[in-house]
Amino acid sequence: MAAYVSVPRDLTRVKPKVFFNLTKRQLVCFGGGAMVGVPAFFLLKQAMPMSLAVVCMMVVMLPLFFLGMYERDGYPAEVIARQFIQAKFVRPRERPYRTDNYYSALQRQEQAEKEVMRIVFEARQKKGGGAGRGSGGRSVEA
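In this text, residue positions in the sequence shown follow the numbering used here: the first is 1, and each later residue adds one.
Printed below as a string of structure tokens:
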């Protein structure tokens, strides 16, 4: 009788396992949890009952286990936490949508041209020549 092995269709989601069917990341996080939790247990078991020391050891180790195991949409826990902090605290809450209306841009351009023509007209008036040559017969609105 033939044995069937399921092969995932998307091979990008397959992570290489190193030891005890755990990835490198998981091994590092679990090792860090053990390095923090076991000494905490031995220090606490002298000061409190054994069951309470075990509970304290688990509470100390759980955040590192969480970092090793949790993954959402392909992102590990610390990346998700960083994105959350960026969205809630670092970036501004209100990001107004601003457009540059073509009609208002034309109006601003027209206002700027009128201002330039007024300044040029006043400068020519001060020199004393009236409108003078080069005005092209254009009238300037003040």
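Yeah, the Cβ is synthetic: ideal placement off N, Cα and C, and Gly gets one too. Remember, it's a predicted structure, so these values are computed and weren't measured experimentally.
Three-state class that DSSP yields for E94 in the structure shown: One-based indexing of the sequence shown puts residue 94 at position 94. Coil at E94, not helix or strand.
Please determine, among L64, F42, M57 and G37, the residue with the shortest C-alpha to C-alpha distance to R25. Along the sequence shown, one-based indexing puts residue 25 at 25. Minimum Cα distance to R25 is reached at L64.
List the DSSP bridge partners of P76. By 1-based counting over the sequence shown, the position of residue 76 is 76. The partner list for P76 (beta bridge, DSSP) reads E71.
So what does DSSP say about A142, is it helix, strand or coil? Within the sequence shown, numbered from 1, the residue matching residue 142 stands at position 142. Its pLDDT being 48, under 50, A142 is placed unreliably by the model, and nothing is read from it.
Closest to F66 by CA distance: which of N101, I119 and G32 is it? Looking up residue 66 in the sequence shown gives position 66. Nearest option by C-alpha distance: G32.
Apply the 10 Å Cβ neighbour rule to M35 and answer buried if 16 or more other Cβ atoms are within range, or exposed otherwise. Here residue 35 corresponds to residue number 35 of the sequence shown, with the count starting at 1. Answer is exposed; the Cβ neighbour count stays below 16.
Rounded to the nearest angstrom, what separates L62 and Y102 at their Cα positions? Along the sequence shown, one-based indexing puts residue 62 at 62. Along the sequence shown, one-based indexing puts residue 102 at 102. Those two C-alpha atoms are separated by around 57 angstroms.
Would you tell me roughly how many angstroms separate the C-alpha atoms of R9 and K15, rounded to the nearest one? Your numbering for residue 9 matches position 9 in the sequence shown. Your numbering for residue 15 matches position 15 in the sequence shown. Straight-line Cα distance between these residues: approximately 14 angstroms.
Do V60 and A40 come within 7 angstroms of each other at the CB atom, strictly closer than that value? Translated into the one-based positions of the sequence shown, residue 40 becomes position 40. Translated into the one-based positions of the sequence shown, residue 60 becomes position 60. Going by C-beta atoms, A40 is nearer than 7 angstroms to V60.
Mapping the DSSP letters down to three states, classify A47 as helix, strand or coil. For the purposes of this step, residue 47 is taken as residue 47 along the sequence shown, with counting starting at 1. Of the three classes helix, strand and coil, the one that applies to A47 here is coil, per DSSP.
Please work out which residues of its chain come closer than 8 angstroms, Cβ to Cβ, to V28, disregarding the five sequence neighbours upstream and downstream, and give them in chain order. Position 28 of the sequence shown, counted from the start, is the residue given in the question as residue 28. Closer than 8 angstroms at the Cβ level, and outside the excluded window around V28, lie G68.
With distances taken from CA atoms, which of M58, R95, M48 and Q46 is nearest G37? Here residue 37 corresponds to residue number 37 of the sequence shown, with the count starting at 1. Nearest option by C-alpha distance: M58.
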